[in-house]
Structures are given as C-alpha cells and as structure tokens.
C-alpha cells in the first residue's frame, strides 16, 4: 500500500512538470500583447516598454519559465499584471468559495445519486427503476448552465426572489451563506447526480450477481443487511472513481455557476484571467487545478485499492 | 491601470450624465446645483435650489444604499485608473469639476479660480478641506503641496490620456503658499480647465501612496466617502465621511457596490428589489417591463463610450475623396440605430452627441450624413470601383464591435463593397492592427471624453501619442484648425468654433466615420431621491442623493 | 473524464465481435433507446436539410425585435430581430456538426494513440502514458477555454479544441482494450505465423475494440455537444452571429427572460432534447453490448 502510494507520488512529479510547461507554453502562444491590454489604448510606447521590462516579459521564454517555476516552489505565484496584487492572495480568497461550492455539489450528487441508484439496482425493471432511470437521463441531459439559469430566473419571476449577493463566510452568517450556495450547488450537483445514479445502478446490479451475495441471499440474510454490508461497500468503488473525476468537471461547471450566481470563486477568476490575458494568474490556476485533480484522484485510487484488495495496478 | 477584463465589458458601462426622466413614478425632485463665477476672484459658493414643477423634498440622512454593477472597477486609484471615476470621485475630489450641461466650474477642493492671463491658472484652496480621518492621514488639512504631489504623480504615470496637459503643455506648477496652487502652460491651451476638472486630477495624500504603493484597493482621500474595503470581484464598501467640507453631506450612511458580472442576474436582482441601482441598460423593452412597478424609476443616462469607425486614408482605396464620401454615406445610420439600439439612438458627429454642449445639432448631422446609396454607387463608379471593392476589416471581439461590423457590412454590400470582417482577439487587435494602423477600415470602442479636444485631436490630428492618428491622416489644415481651438477661452466662443471645426471635418469624410450612440437608461429604486443633475465628475461625487426612509 | 469510469467497466467485458448492426437490431427491445435513435435521426435530417427547412436565414435581422411567437415566426424573434426557429434549426446543424466532428477526430486520435501505446508497449507506452496523464490533469473546461483563447474564436477552433480534449481519455480506454486483446491466443497464433504488427492491429485487434469505441462515442457525443454549448455560453466558443444553442442561451436571453422567454427556452429545450436522445441511445447500446448486464435484466 505504502509502496503503491509512493510510486504514484513519484510519477506525480514529471507529470506536474509537464503540466507546468504545457500551461506556460499555452499562455505564451496566445497572441496579444499583455502590455497593450494592461495599459490600454492610451499608453505611450515608452510606457509599454517599461511595463514589459518591469514584468520580465522581454526575457527569453525558458528563463521566464524557470523563474516562474522557482517562484512556485517558494509559494509565490507572482503578481497579476493588472492589479499589482499577489496572485496567491487572490487565490486564497477565492479557493474557499469554489471549495464550498464543490463540496456542496458533491454532497448533493451523492445524496441524490446513491439512493436512487441503489433502488434502481435492487429493483431492476420495476417502475421505480424506470422512473429513476428516466429522471436520471433527463437530469443528465439538462446542461448545468441551463439549470443554473432557470434556478435564478424562475424564483425571480415567480416569487420575486433572488439570492442575496455579497459574499459572506459560512462561519459568519451560515444561513445567508447556505442560501447563496444552494442554488448553484443544485445546478451542478443535479447533473452529476444522474451520472452517479446510473453508475451505482449498474454497479449494484453487478454486485448482486456475485456469488458471495447469492450465498448471503440463500442463507436467508435480510435484504437490508445484504445491501449494506456487501452491495454498498463494493458497489461504491466506481462511484469513488467517478467523484474523483467529477472534480475536474465540477471545476468547469463551477465557472458558469459562479458567473450566473456571482460567486467570486476560482471559476470566475479563471474566466476573467483568460479573457484578460493575465498569464500568471491562469498559470497559477491551472497548476493548482491540476495538482488538486491529481491529488484527489490519488486519494480515490487509494480508496479503491483499499476497498478491493484484489485490484492491483500494473 | 486597466483592470483585467476592462475592455470586454465596456459596452455596458455608464460613465455619464443623469437626468430625471418623466417616465416612472417618481415624484419631482429638488435639484441642487453649485455655481461659482469662473474668473475674477473668489466668491462665496451659493447653494441654489432649482425648483422643478413638483413637490420639493427635504433630504433625509441615513440609510444604506446597495448598488449593483456588472464591471469590476479594477483599481480605485484616480491617477492611474481611467475607468473608475464614478467610484474614485467619491473617495477623492479634484480641485474643481465642470458641470457638463452648464459648463460652469464647480468648486471642490478649490474655492476660487483666477486666470490672470491666458497661460496662468491660480486656484485658491478652500480652508478646512481635510483628508479623511483614517490611517494614515488622520484628518489632516489638504494644502497646495498635496496638489503639487498629485499632479507630479499623474504626470509620471503610464497612460497618456489625461496627462497631456501636464506632459506637453505645462510650463510648470507650484504651491505659491499653503492654500494657493498655480499652473502655467507653455502656450495657450483652453482645454486645461476641462482636464484639471477631470477625476484623474484628484488630490491624493502622499502618505497614503507611500504607505500602500498605490490607491487601487486602499485609500484615504478628501472626498465625501471613506473606502471601507474593496474586494476585487465582489464589492466596494464606502461609508460617509463625517468631516466632509460640505457639512451634512453625503446623506446616506453607507454605500455598498456589488459586483455582479452577469447582466442577466444583475437585472433580475435589481428587479426583485435587492438593489437600489443597476447599470444594466434599461431599453424600451425593459422599460415596458417595469412601467407598472412603482418601486423602480428609470433615468436617462447616455453613455459617453462610443464605437468609432476608422479608415486608413493614406493609401487606396480611402485615399480617394470620392471613395471616402461614398462609404460614409453608404452607412444607413437609421438602420444602425434600429438594429443596434432598438431605435433609441442618435447620430454622432466627430464629437459624440452625449457630449451635448459640444456636439453638432441632430438635424444638421442627419442631413450631412444622410444615407444615400445611389450617390455612393455613383461615386464608387467614378473612382473606378464600379465592379466592387474589397476592404480588409480587422475587428476586436469585444462589446458590440462585431455586430457593428456586421451591420455596416450589410449596408456596404448594397453598394457593391465587400467588407471582409476578421474577428480578432483584443490583445492581437490592439497591438497588431489598431496601433499599427493595419486595416482598411475598422471599428473600435473608445473611452469617454468629457471635452472635445480629446476626440478631435486623437482621431483627426496628432493622435494619442502625438505621433499619428489611427487613420494615418496627415492634414496640416485640420491640425491647425484643432490647435486653433486652444486659443479660445470663452466657452461660448469655443463652442461655436468647435462646431465649425466639426463641420469641416465632416466634409472630409475621414479618417473617422462617426456612427451613432445609444440613448441609455439606468434603473434606480424609488428609494433614491435627489439624483444630481449635471454630468461627469459632479454626478460622481455622490453628495446629492439621499435615501427615503420609510 | 467520465470516460475513465466507463472505461473500467468496459475493460472488464469480454471481447465482443458484434458488428454495429447487431446492437442496433437489438434495440427493438429497448423502447427508450429506440426513442433516442428516432430523435437523433430526426435531428440529423433537420441538420442536413437546414437550408431547406428553415423558414428564414438565421443571421439576418429582418423582423421586429423580441416578438412573441406568431404565425410568421413560430418561435418568436430574438433581441436582434432574428427568427428563433431558424436559429434553432441551424443550431442543430452547428451543435450536431461540432459534436460529431470533434468526437470523430478525438476518438480517432485517441484510438491511434491508445493502439500504438498499448500494442507497442515498453518505453513508448510509458512516455505516451505520462503525456496522457499530463493532459488528463487539466480540468476539461479550463483546457478548452485556454485553447480557444489561444487559437481564436471560430467553429474550426472549437472543433480542434474539443478534439484535443477528448484524445487523452479515449486513448486510455482504447489502450486498455488493446492490452487485453494483445494477449489473446489467436493474436499470438497470427504473430507466430509471421503476420506483421500492422496486420495484427488491423485484422485482429481493432475489430474487437469496436465495442468500447461505440460505448465511448455514445458518451462523448452528448458530452462534446454540451462542451461546445458551455463554451459558447461563456462567449469563448463560436463567434457571433453563428447560430449556436449555447450562445443563444448565453447572450442576452436571460436579461430579457421576463419579456421574451422564448429566446432562451427553445434553444435550451433543443439542447436538452438532443443530449437526452444521445444519452438514451447510449444507455441502450451499452446495455446491449454488455452481455453480463443483459443477463441480470432478463
């Protein structure tokens, strides 16, 4: 087990370096002069030159890359070209927002998806199975941004209500905070719940056919015990994987949810930084996202292996 | 510094004037205005109350205003940021402002202005104007050295727009004593007072800049509102400055500006009553939507942002007079207004119409720029383009620019001209196409101007950086006409001259084709009373309105 | 992405030598799947015949602005005076076009990469898999946003971006399938008889990879369609005035929702219906292609 984790961590390093190079290159091949965008139409050519020098943009690319990398190890993500504020501060400010959104989305996904999947799996081809499967497919098909749009428009029109904007921390005003986050979390979570539900269903179906379950069945164990003890434990393994992968999708879905619900999180920050050509910010975000994604997947794989010792990776 | 993403949201900004519309269930308001004779020594300011044909209301102090905007200001530093005037003027004040409707000088930090000769300006500072009672200024009095410091800071800054007075035409400036500030220009330059009345020239305290590096997110100023915090992407919180030199003002206790980037969500939030103001344009469909809602008032707020059409005149095809005229009158401006602004827009001249004092009258513009495709075709034929004409048009992918290009392309097709639109990312567009003048024709969104010299000179004459204008036009007659405007100090005289210069420019049909600007509207909740009449900086001070307490 | 999770399920399947028609025949037994297929066929027809079916041009602004649905404009008009029905019809063309094309290229690319990597093994495999790890570490939408920002907004670039985004995940799944095929006896036998690598790949390995490919394709087409819609919603996808369901949802449809809800409702419904149909068909196909699951249900 430890060996496995260590091996994975070792592989981590070259992958992250590759990601950092890829991000850096991607942002640099994006056409458009950062100086021109930052200073705008009215800047003098001297001011543009000064800007480039001050930000090290006139140095050769490999040097800029190494400099940036070195900064990363120090925990210094650099300063935004536009704001003179440390990107790290901006990230620290926005991560909790996206983090909270994602946690709530995952909770909703699991709370909706798992029970539905279990029911459908345990009672295949009954009306409850069909209903849940159809609902799941519908849920999967509604784009999460459409759902998000409806969740802000319909309450406004029907109940004359919109969420209270203006971010508050959960610890200061939990009520207001939850109200702000519940709708976007629903928008993201419902779409994902459908996927989880289908996966749980097929997984449960598969487990139910296993010999050890049949044995338990024939031994006369109550259904509930069978479900709890065997089905869930083994059937949920792929779900864990899926959730791990969801993190990536969630980061994407979060962009739109954050835009619509005005949550100042990483998603919106990413969008604005990409649009505004804030290279350093985008690089920082992508590295952070990649690291998070990889770490979460590593944890998921560990859980996977722990649950089912029969599985070993080559 | 421009905030990231600034260029993208430009089309929806409302840096402009306000006038109460008779639409909406708002009882008449009393409008207060200040005036001070501009020349000839100081006078006591007078608080005049202009009566509107309705009940006059007494301002009520207190309350918290919640305002929604879709664009993050990016930086609140008046000397560095060009777009956040509506906020930086709340925190800081310049020496004076100019009421754009009446063209009167409004005294702010200065109480009087003398102009003993054409190149000398002497401001006498008001006594008792203090920087806010916060760290690090702790309520100390503003003196003339602060003005020198602020002007120095602006002069050394990166953007050219508002400091050309200081960098090119100022002979020098100094504090002749604690309360007197003198500026001398090196030639006659009448836009000087327009420039110094703009928010870039706000007086800022040295110790705050030294402490924080800049005033983007933290500030201490001499304005009516104290900056509590500015969380980028989220909100700006201001609170009343109890020591503001206009006692009693501002009236509300707090202002919270919420940044809601999605205009759909912003509008819905405003509609459900959570906001007292939103900067979403309330066009006629939305006005229809709210007409029966007594809690919402709609105010005229034309935007000073304009989309201009530049043409490159130093080479074919636009080097030919006939082609230039043809393609100017081939633009169906009425159709443009219908398509882009739902019919709520007006023609622009070289100076856009929202700058009403300096703009040509609408009927004159409509007749000079009348749509005439037949004549256009004849002119093109005569110039040898009877078989058609290809035009390269790089267009930035921001705001309404792509749509404008599409509409004009439609019109041009009818006279046999083919506009090849190439959508470019903004960064690319600016550096490779606009600055380098690599285009036959292009469309770009421009910053607002508070006075006519800026647009005239930038587009027709010396350009932004005193080297070239985007259309590469080099016309000594135009240059001298525009420079000639600087010699005229009397506002009325200058106005007439500016109008005449515009007439000349229109006849040349280039290097700019003026398009149209929309009639803009914004929404306020009916809780807000007393919105300042008058435009630009005067409206942005935030000292005239109050909240109706129920 | 989700492809990985399904990949695991797919890998566990025994090789299936079904040709494509086999599963389709079996669809008879899956009413939802049939429904999905019918809808998709209709959509494809609409997309192909768009210029003939659509009453007007999707980009000409000829009508009254924000007009409610009427005899002349069945779905109403939008903020620029364009016919919403025509935009929805042409939008089918665009969304399906982008969805299908990018999945085609992405899956093809992923198959090539996965097959090469799995079949050749050794160091090449390791290197390629590390590269794939790298690409997979990027959150998908962010990668797409960065690519379209880098390349510029155009239909072509959106297809390129999505295709690139699909390659890593697909290659992983295909590689898994190839790995399990590689060790089959008949492959060994053919190799002993002197068949070249390429022949082995084409004649023996690839045909048995069809099942996973079908599954992947059935998941990815709706995913790609939604990705294009999301990108266009954010303004990073196809440039205006190209009719795209995502862009129409994203523009000013929400600002004018109270006044003209049809602007958003019709594109949104169309998008949902399309994705729904593909999901239903995909579900049915997966059920058919997995004999073990089939046992469980009958």
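Chains as they are written, first to last, in our numbering: chain B, 1 to 314; chain F, 315 to 864; chain S, 865 to 1162.
Glycine included, each C-beta is placed from N, C-alpha and C at the ideal position.
Query - Burial state of residue 627 of chain F, where buried means 16 or more other Cβ atoms lie within 10 Å - result: buried
Query - Under 7 Å by beta carbon: chain F residues contacting residue 1017 of chain S - result: 711 and 737
Report task. Spell out whether any CB of chain S is found under 8 Å from the CB atom of residue 656 of chain F. Result -> yes
Report task. Starting from the Cα of residue 1110 of chain S, find the closest Cα among B:93, B:146, B:262 and B:60 and give me that residue. Result -> B:146
Query raised in the report: Taking a cut of 8 Å between CB atoms, which residues from the segment 1087-1118 of chain S lie near chain F?
Result: 1103, 1104, 1105, 1116, 1117 and 1118
Report task. Closer than 8 Å by beta-carbon distance: list the chain F residues that pair up with residue 161 of chain B, in chain order. Result -> 586
Query raised in the report: Can we count residue 1087 of chain S as close to the ligand PLP, meaning its CB is less than 7 Å from some heavy atom?
Result: Of ligands this structure carries none, so the ligand PLP is not represented either.
Requested in this report: Just grab the DSSP bridge partners of residue 161 of chain B for me.
Outcome: In DSSP, residue 161 of chain B forms no bridge with anything.
Query raised in the report: Between the segment 136-159 of chain B and chain S, which residues of the former have CB atoms less than 7 Å from a CB of the latter, in chain order?
Result: 137, 138, 140, 141, 142, 143, 145, 146, 149, 153 and 157
Requested in this report: Consider the Cβ of residue 574 of chain F: report whether some Cβ of chain B lies at a distance smaller than 8 Å.
Outcome: Yes, because at least one Cβ of chain B sits closer than 8 Å to the Cβ of residue 574 of chain F.
Query raised in the report: Taking the continuous beta strand (DSSP E) assigned at residue 353 of chain B, which residues delimit it?
Result: Given that chain B is displayed from residue 1 to residue 314, the structure contains no residue 353 of chain B and the question cannot be resolved.
Query - Cβ of residue 1152 of chain S within 8 Å of any chain B Cβ - result: Contact with chain B is absent for residue 1152 of chain S, since none of that chain's Cβ atoms lies less than 8 Å from the residue's Cβ.
Query raised in the report: What are the uninterrupted segments assigned as alpha helix (DSSP H) that are 4 or more residues long and contained completely in the segment 534-587 of chain F, given in chain order?
Result: 577-585
Requested in this report: Could you please tell me which residues of the segment 1048-1073 of chain S, in chain order, have their CB closer than 7 Å to any CB of chain F?
Outcome: Legend: CB atoms of the segment 1048-1073 of chain S lying less than 7 Å from CB atoms of chain F are not found in any residue.
Query raised in the report: Using a Cβ-Cβ cut-off of 8 Å (strictly less than) and excluding sequence neighbours within five positions of residue 960 of chain S, which residues of its own chain qualify?
Result: 907, 908, 911, 1089 and 1138
Query - CA-to-CA distance, residue 774 of chain F to residue 787 of chain F, given in whole angstroms - result: 7 Å
Report task. Could you tell me if residue 452 of chain F is buried or exposed, where buried requires 16 or more neighbouring beta carbons within 10 angstroms of its beta carbon? Result -> exposed
Query - Continuous alpha helix (DSSP H) assignments of at least 4 residues falling wholly in the segment 910-988 of chain S - result: 914-917 and 948-984
Requested in this report: Could you work out which residue in B:189, B:182 and B:181 is closest to residue 139 of chain B when comparing CA atoms only?
Outcome: B:189
Query raised in the report: In chain order, what residues of the same chain lie with their CB nearer than 8 Å to the CB of residue 501 of chain F, ignoring the 5 residues before and after it?
Result: 433, 483 and 800
Query raised in the report: Cβ of residue 842 of chain F within 8 Å of Cβ of residue 714 of chain F?
Result: no
Query raised in the report: Any Cβ of chain S within less than 8 Å of the Cβ of residue 22 of chain B?
Result: yes
Query - Boundaries (first-last residue) of the beta strand (DSSP E) holding residue 831 of chain F - result: 830-832
Query raised in the report: From residue 19 of chain B to residue 996 of chain S, what distance separates their C-alpha atoms?
Result: 10 Å
Report task. Find out if the Cβ-Cβ distance for the pair residue 918 of chain S, residue 962 of chain S is shorter than 8 Å. Result -> no
Query raised in the report: Buried or exposed: where does residue 672 of chain F fall if 16 or more other Cβ atoms within 10 Å of its Cβ makes it buried?
Result: buried
**Report entry** Reference residue 760 of chain F, options F:396, F:844 and F:504, closest by Cα
**Finding:** Residue 760 of chain F has its Cα closest to that of F:396, out of F:396, F:844 and F:504.
Query raised in the report: Between the C-alpha atoms of residue 15 of chain B and residue 400 of chain F, what's the straight-line distance to the nearest angstrom?
Result: 47 Å
Requested in this report: Going by CA-CA distance only, name the one from S:1152, S:1044 and S:1000 that's closest to residue 12 of chain B.
Outcome: Shortest Cα-Cα distance from residue 12 of chain B to any of S:1152, S:1044 and S:1000 involves S:1000.
Query raised in the report: What are the boundary residues of the alpha helix (DSSP H) that residue 1130 of chain S is part of?
Result: In the DSSP assignment, residue 1130 of chain S falls within the alpha helix (DSSP H) that extends over 1126-1153.
Query raised in the report: When the cut-off is 8 Å and only beta carbons count, does residue 653 of chain F lie next to chain S?
Result: yes
Query raised in the report: Quick one: what's residue 758 of chain F bridged to in DSSP?
Result: F:622
Query - Simplified DSSP state of residue 765 of chain F, which is helix, strand or coil - result: coil
Report task. Please check the pair residue 551 of chain F and residue 542 of chain F, which I expect to be a contact at CB under 8 Å, by giving their CB distance rounded to whole angstroms. Result -> About 4 Å separates the two Cβ atoms, so the contact holds.
Query raised in the report: Considering only C-alpha positions, which residue in the set B:106, B:143 and B:157 is nearest to residue 1143 of chain S?
Result: B:143
Query - Alpha-carbon spacing of residue 136 of chain B relative to residue 1101 of chain S, whole angstroms - result: 28 Å
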